[in-house]
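Under the numbering used here, the residue at position 33 of the sequence shown is numbered 33, and the numbers go up by one with no gaps.
From the three backbone atoms N, C-alpha and C, an ideal C-beta is built for every residue, glycine too.
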Amino acid sequence: MIIQPTSVAALTWIGAAAGASSEGWRIGSVLSARPLGVTEQGLMVLQIGALTVEAEAPGTKLPPQFQVRVLSLGAQPQLEILVGDSQLDSTVNQALRERLPQQNGYAPLLATVGALSQWVMAKQLPPYLRSALALLEHSMSTPQELSSPEGLRQAINRSGLFLESQLAQAPASDANTAHDDMKGALLRLIAILKDQPLTGESSGADVDPPLLYRGVLPQGRLPLPYELGNTSDATDFLPRLYTDVQAALARMEVAQLQATPGHWLVEIPVQDGDGADVLQLLLKQEQEGEQNWTMGFSLDLPSLGPVAGELHLRGLRLSVKLWAQRRETVDRLEDQFDDLRARINATGLFLDQLSCQFGLPQAASSVSAVFLKATV
Numbered sequence: 001m002i003i004q005p006t007s008v009a010a011l012t013w014i015g016a017a018a019g020a021s022s023e024g025w026r027i028g029s030v031l032s033a034r035p036l037g038v039t040e041q042g043l044m045v046l047q048i049g050a051l052t053v054e055a056e057a058p059g060t061k062l063p064p065q066f067q068v069r070v071l072s073l074g075a076q077p078q079l080e081i082l083v084g085d086s087q088l089d090s091t092v093n094q095a096l097r098e099r100l101p102q103q104n105g106y107a108p109l110l111a112t113v114g115a116l117s118q119w120v121m122a123k124q125l126p127p128y129l130r131s132a133l134a135l136l137e138h139s140m141s142t143p144q145e146l147s148s149p150e151g152l153r154q155a156i157n158r159s160g161l162f163l164e165s166q167l168a169q170a171p172a173s174d175a176n177t178a179h180d181d182m183k184g185a186l187l188r189l190i191a192i193l194k195d196q197p198l199t200g201e202s203s204g205a206d207v208d209p210p211l212l213y214r215g216v217l218p219q220g221r222l223p224l225p226y227e228l229g230n231t232s233d234a235t236d237f238l239p240r241l242y243t244d245v246q247a248a249l250a251r252m253e254v255a256q257l258q259a260t261p262g263h264w265l266v267e268i269p270v271q272d273g274d275g276a277d278v279l280q281l282l283l284k285q286e287q288e289g290e291q292n293w294t295m296g297f298s299l300d301l302p303s304l305g306p307v308a309g310e311l312h313l314r315g316l317r318l319s320v321k322l323w324a325q326r327r328e329t330v331d332r333l334e335d336q337f338d339d340l341r342a343r344i345n346a347t348g349l350f351l352d353q354l355s356c357q358f359g360l361p362q363a364a365s366s367v368s369a370v371f372l373k374a375t376v
C-alpha cells in the first residue's frame with residue numbers, strides 16, 4: 001500500500017520518513033497500528049504509532065489492532081504489516097530487529113576486497129588475513145560455473161543461506177562442509193578482523209535491504225571512496241572491510257530469517273577477471289503443486305547495465321519475462337531469442353511467452369505479507 005500523510009500529521013510524518021528524530025521510527029522497530037476510517041477518495045486512514053496517515057485499501061481486511069515493522073527509511077519508508085499467521089515469533093522478531101539496521105549488500109564488500117586483492121596491497125597484510133580473503137574469493141562463483149544447471153545449483157547451495165542446515169546434516173568427521181560456503185568465509189574473516197587494530201571511517205554505502213517479499217533489485221558495482229582509491233596503505237581499508245563484512249553477514253542472516261519452505265532469496269557474488277558482480281535470485285514454489293515455480297533474478301553488469309527477469313514454470317509450460325534498463329541491451333537480448341527458444345524446446349518444455357521490456361519492473365508483493373510503502 002502507498003501511504004500519504006494527512007494534513008494534520010504531515011510535518012511529523014515528513015520528519016519520520018526522513019529518518020529524523022521521531023521516536024520509534026527506526027529500522028526493525030515494531031509499532032502499533034489501527035484503522036480509523038475511510039476518506040471520500042476511498043483511502044484508508046490509519047494511525048501508526050503517533051502518526052495518522054492515509055493508505056490505499058489493502059487486499060485483505062485489517063483487524064482493529066495490528067502491528068507494523070519498519071523495514072526501511074529514507075524518502076519512501078517501507079513497513080510490513082504483522083497480522084495473524086504472518087507475526088513472527090519473538091526470537092526471530094528480535095533477531096530481525098538487531099540485523100536490519102546493520103545489513104547491507106555485497107557491493108561495498110566486493111569493492112573493498114577487489115582493492116585489497118591487488119598485489120601491492122595484499123603483500124602488506126598478515127598471511128592469515130590474506131588467507132581468509134583468498135578463501136572468500138574462492139567461495140565466489142564464476143560466470144562459467146553459473147552457465148550450467150549443476151553449477152547454478154552448487155552456487156545456490158554454497159551461497160550461505162543453507163550453511164546451518166548443511167552442517168546439521170554433515171557427518172561429524174567432515175571438516176570441509178563450510179570450506180567454500182560464503183557465510184563460512186565471512187564468519188572466518190570477521191573473526192580475524194576482530195583482532196586487528198581498526199581506526200578510521202567505515203563504509204557508508206546505501207543498498208536496499210533484502211526483503212523477501214519485495215522482489216529482486218539489480219545491484220551495480222560501487223566505486224571506492226576517493227581517499228581509499230588513492231591510498232597505498234592496506235591498513236586504511238581494514239575499518240571499511242570490517243564494517244562491510246558485518247553488513248554482508250547481517251544481510252545474509254536477514255534473508256535466512258525471512259526464508260520459508262519453498263520461498264528463498266539468494267545473493268551470489270560472481271567474479272571474473274574484470275571484477276565482481278551480484279546475482280540475486282528469488283525462488284518460490286507455488287501452492288498449487290510441486291511443479292509450479294517462480295524464479296526472479298537480477299544483475300547489473302558493466303557491459304549490459306541493470307537486467308531483471310521472471311520465469312514462471314507451470315508443469316511443462318514456461319513463461320519468460322525480461323527487463324533491461326538500456327535500450328541497446330534490450331536489442332542484444334532479443335537477438336538471442338531464437339537460440340533461447342530452440343534451447344527451451346529441446347528440454348521438452350512448452351514456451352508460452354518470451355519477452356524483453358525496456359526499463360525495470362516495479363517491485364510488488366505477490367505473497368501473503370502486506371507492506372506499507374511511504375511517500376512524502
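Along the chain, where does the alpha helix (DSSP H) that runs through S117 open and close?
-> Stepping through the sequence shown from its first residue, residue 117 is reached at position 117. Here S117 belongs to no alpha helix (DSSP H), and DSSP marks it neither H nor E.
At which residues does the beta strand (DSSP E) containing P35 begin and terminate?
-> If you number the sequence shown from 1, residue 35 lands on position 35. That run of the beta strand (DSSP E) goes V30 to V38.
Taking L462 as the reference, give the member of Q154, A248, E40 and L100 with the closest Cα.
-> For residue 462 there is no data in the structure shown, the boundaries of the chain being 1 and 376.
Where S147 and P126 are concerned, what is the direct C-alpha to C-alpha distance, given to the nearest angstrom?
-> As a working note, residue 147 is residue 147 in the sequence shown. As a working note, residue 126 is residue 126 in the sequence shown. If I take the Cα positions, the gap works out to 35 Å.
Candidates L79, L62, P64 and K284, of which the one nearest V70 by Cα | Taking the sequence shown and counting its residues from 1, the one referred to as residue 70 is at position 70. Of L79, L62, P64 and K284, the residue nearest in Cα terms is L79.
Is the segment 100-119 touching the segment 242-257, taking contact as three or more C-beta pairs under 8 Å?
-> yes
Contact test: G273 Cβ vs the ligand NAD heavy atom, cutoff 7 Å | Summarising the ligand content, the structure contains no ligands, and the ligand NAD is consequently not present.
Evaluate Y128 with the Cβ neighbour count: other Cβ atoms within 10 Å of its Cβ, from every protein chain shown; 16 or more gives buried, anything less gives exposed.
-> Mapped onto the sequence shown, residue 128 falls at position 128. Flag for Y128 reads exposed.
Start and end of the beta strand (DSSP E) containing V68?
-> As a first step, residue 68 is located in the sequence shown; it is residue number 68 there, counting from the start. From DSSP, the beta strand (DSSP E) with V68 extends over F66 to S72.
F350 at chain B interface by Cβ criterion, 8 Å = The structure shown contains no chain B; it is built from a single protein chain.
DSSP bridge partner residues for L282 (one or two, in chain order) = Here residue 282 corresponds to residue number 282 of the sequence shown, with the count starting at 1. BP columns for L282 point to L265 and G296.
Take R34 as the anchor and find which of Q41, P63 and H312 has the nearest alpha-carbon.
-> Here residue 34 corresponds to residue number 34 of the sequence shown, with the count starting at 1. It is P63.
For the candidate residues A55, G37 and F66, whose alpha-carbon lies nearest to that of V30?
-> By one-based count along the sequence shown, residue 30 stands at place 30. Comparing Cα-Cα distances from V30 to each of A55, G37 and F66, the minimum goes to F66.
At which residue ranges does the segment 117-172 contain complete alpha helix (DSSP H) runs of 4 or more residues, listed in the order of the chain?
-> 119-122, 127-139, 143-146, 149-157 and 163-169
Report the rounded CA-to-CA distance for T243 versus V45, giving the unit in angstroms.
-> Start at 1 with the first residue of the sequence shown, and residue 243 comes out as number 243. Start at 1 with the first residue of the sequence shown, and residue 45 comes out as number 45. Spanning the two alpha carbons is a distance of roughly 40 Å.
Inter-residue spacing [alpha-carbon to alpha-carbon] between H263 and A50 | Against the sequence shown, residue 263 aligns to sequence position 263. Against the sequence shown, residue 50 aligns to sequence position 50. The straight-line gap from Cα to Cα measures roughly 34 Å.
Any idea if F350 is buried or exposed, counting beta-carbon neighbours within 10 angstroms, 16 or more meaning buried?
-> Taking the first residue of the sequence shown as 1, we reach residue 350 at position 350. That one is exposed.
To the nearest whole angstrom, what separates the beta carbons of L100 and P269, a pair I think is in contact under 8 Å?
-> In the sequence shown, the residue the question calls residue 100 occupies position 100. In the sequence shown, the residue the question calls residue 269 occupies position 269. L100 to P269, Cβ: 21 Å. No contact.
Are the beta-carbon atoms belonging to Q219 and Q280 less than 8 Å from one another?
-> Here residue 219 refers to the residue found at position 219 when the sequence shown is read from its first residue. Here residue 280 refers to the residue found at position 280 when the sequence shown is read from its first residue. Taking 8 Å as the Cβ cut-off, Q219 and Q280 qualify as a contacting pair.
Taking the CB atoms as reference points, tell me whether L193 and L241 lie closer together than 8 Å.
-> The sequence position of residue 193 within the sequence shown is 193, counting from 1. The sequence position of residue 241 within the sequence shown is 241, counting from 1. Cβ atoms of L193 and L241: closer than 8 Å.
For D233, which beta-bridge partners are listed by DSSP?
-> Sequence index remark: in the sequence shown, residue 233 carries index 233 (1-based). BP columns for D233 are empty, so no partner.
Excluding the five sequence neighbours on either side, which residues of its own chain have a C-beta within less than 6 Å of the C-beta of L152, listed in chain order?
-> In the sequence shown, residue 152 corresponds to position 152, counting from 1. Result list for L152: L146, in chain order.
Between which two residues does the alpha helix (DSSP H) carrying L349 extend?
-> Indexing the sequence shown from 1 puts residue 349 at position 349. Element bounds for L349: n/a, residue is neither H nor E.
Identify the residues that DSSP records as bridge partners of Q271: which are they?
-> For the purposes of this step, residue 271 is taken as residue 271 along the sequence shown, with counting starting at 1. Per DSSP, A276.
By Cβ distance, which residues of its chain are closer than 8 Å to L133, with the 5 residues on each side in sequence left out?
-> Position 133 of the sequence shown, counted from the first residue, corresponds to residue 133. Closer than 8 Å at the Cβ level, and outside the excluded window around L133, lie V113, L116, S117, A122, L125 and L189.
With E54 as the anchor, note down where its beta strand (DSSP E) starts and where it stops.
-> Residue 54 sits at position 54 when you count from the first residue of the sequence shown. Residues L51 to A55.
From this set, V92, D181, V38 and Q357, which residue's C-alpha is nearest V266's C-alpha?
-> Numbered from its first residue, the sequence shown carries residue 266 at position 266. Considering only alpha carbons, the answer is D181.
Residues in its own chain within less than 6 Å of Q196 by CB, not counting five upstream and five downstream?
-> Within the sequence shown, the letter at position 196 stands for residue 196. L238.
Taking the alpha carbon of E328 as the point to measure from, which residue in T91, H138, N345 and G359 has its own alpha carbon closest?
-> Taking the first residue of the sequence shown as 1, we reach residue 328 at position 328. Closest by alpha carbon: G359.
Same chain only: Cβ atoms within 6 Å of L135, ignoring 5 sequence neighbours per side = Here the question's residue 135 lines up with position 135 in the sequence shown. Same-chain partners within the cutoff: A185.
Tell me which same chain residues have a C-beta within less than 6 Å of the C-beta of I156, skipping the five on either side of it?
-> As a position in the sequence shown, residue 156 is number 156, starting the count at 1. Correct list, in chain order: V266.
If you run the structure through DSSP and keep just helix, strand and coil, what is I192?
-> Taking the sequence shown and counting its residues from 1, the one referred to as residue 192 is at position 192. Correct three-state label for I192: helix.
Tell me where the beta strand (DSSP E) around L313 begins and ends.
-> In the sequence shown, the residue the question calls residue 313 occupies position 313. Taken as a continuous stretch (DSSP letters only), the beta strand (DSSP E) holding L313 covers G305 to R314.
Give the DSSP-derived three-state secondary structure of R221 in the structure shown.
-> Sequence index remark: in the sequence shown, residue 221 carries index 221 (1-based). In this structure, R221 counts as coil in the three-state DSSP scheme.
Proximal residues to H138 (C-beta, below 8 Å), its chain only, five neighbours per side dropped = In the sequence shown, counting from the first residue as 1, residue 138 sits at position 138. Around H138: D180 and A185.
If L340 sits next to C356, beta carbons under 8 Å apart, how far is it from one beta carbon to the other, in whole angstroms?
-> Start at 1 with the first residue of the sequence shown, and residue 340 comes out as number 340. Start at 1 with the first residue of the sequence shown, and residue 356 comes out as number 356. About 10 Å separates the two Cβ atoms, so there is no contact after all.
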